[in-house]
Amino acid sequence: MQIDIQTRKFYLTDALHSYAEQRLRSTLTCCDDFIQRVVMRLSDINGPRGGTDKHCHLQIVLKGLPDVVIEDTETNLYIAIDRATDRAGRTVVRKIDRHQTLHKQGHPPLQETES
Numbered sequence: 002m003q004i005d006i007q008t009r010k011f012y013l014t015d016a017l018h019s020y021a022e023q024r025l026r027s028t029l030t031c032c033d034d035f036i037q038r039v040v041m042r043l044s045d046i047n048g049p050r051g052g053t054d055k056h057c058h059l060q061i062v063l064k065g066l067p068d069v070v071i072e073d074t075e076t077n078l079y080i081a082i083d084r085a086t087d088r089a090g091r092t093v094v095r096k097i098d099r100h101q102t103l104h105k106q107g108h109p110p111l112q113e114t115e116s
């Protein structure tokens, strides 16, 4: 699984990068065979003014299925990462399970993409 972590309006520390990557790997490992790439974009919407403005945007690119996009905004970036990765894990598992169930029932794939 290829993971790309990007930031906007702040510097990505090693600690934050390690935390985000660890959360993604632990949450999405079960679906590793179906995931091509994960892009995480972290941003601080209001900058130094503070508030509920720490944003985590996840895009999970799946093999043969539409991308999963999850966003979360919180006052704490670690909480935004936790909530977004948890939701992404549940969504990816649900999408893959649904695809496999439909495939077993003889339905055509939802969407085929080229690798």
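Using the working numbering, read the sequence shown as starting at 2 and increasing by one per residue. Even glycine gets a Cβ: it sits at the ideal position worked out from N, Cα and C. Here the structure is a predicted model, which means the values were calculated and not measured.
Problem set entry | Classification of D5 by the beta-carbon crowding that lies within 10 angstroms, buried from 16 upward | For this step, residue 5 is matched to residue 4 along the sequence shown. With a threshold of 16 other beta carbon atoms within 10 Å, D5 falls short and is exposed.
For this session: Using alpha carbons as the reference points, say which of P67, E22, K105 and V94 lies closest to L43.
Result: Numbered from its first residue, the sequence shown carries residue 43 at position 42. Out of P67, E22, K105 and V94, E22 has the C-alpha closest to the C-alpha of L43.
Problem set entry | Assigned secondary structure, Q106 (DSSP; H/G/I helix, E/B strand, else coil) | Taking the sequence shown and counting its residues from 1, the one referred to as residue 106 is at position 105. Three-state DSSP puts Q106 in coil, outside helix and strand.
For this session: Report yes or no: do three or more beta-carbon pairs, one from the stretch 24-40 and one from the stretch 8-15, lie closer than 8 Å?
Result: No contact exists between the stretch 24-40 and the stretch 8-15.
Exercise. H58 bridges to which residues according to DSSP?
Worked result: Position 57 of the sequence shown, counted from the first residue, corresponds to residue 58. BP columns for H58 point to R42 and E72.
Exercise. Would a C-beta distance cut-off of 9 Å place I61 and V69 closer than the cut-off?
Worked result: By 1-based counting over the sequence shown, the position of residue 61 is 60. By 1-based counting over the sequence shown, the position of residue 69 is 68. The answer is yes: Cβ separation under 9 Å.
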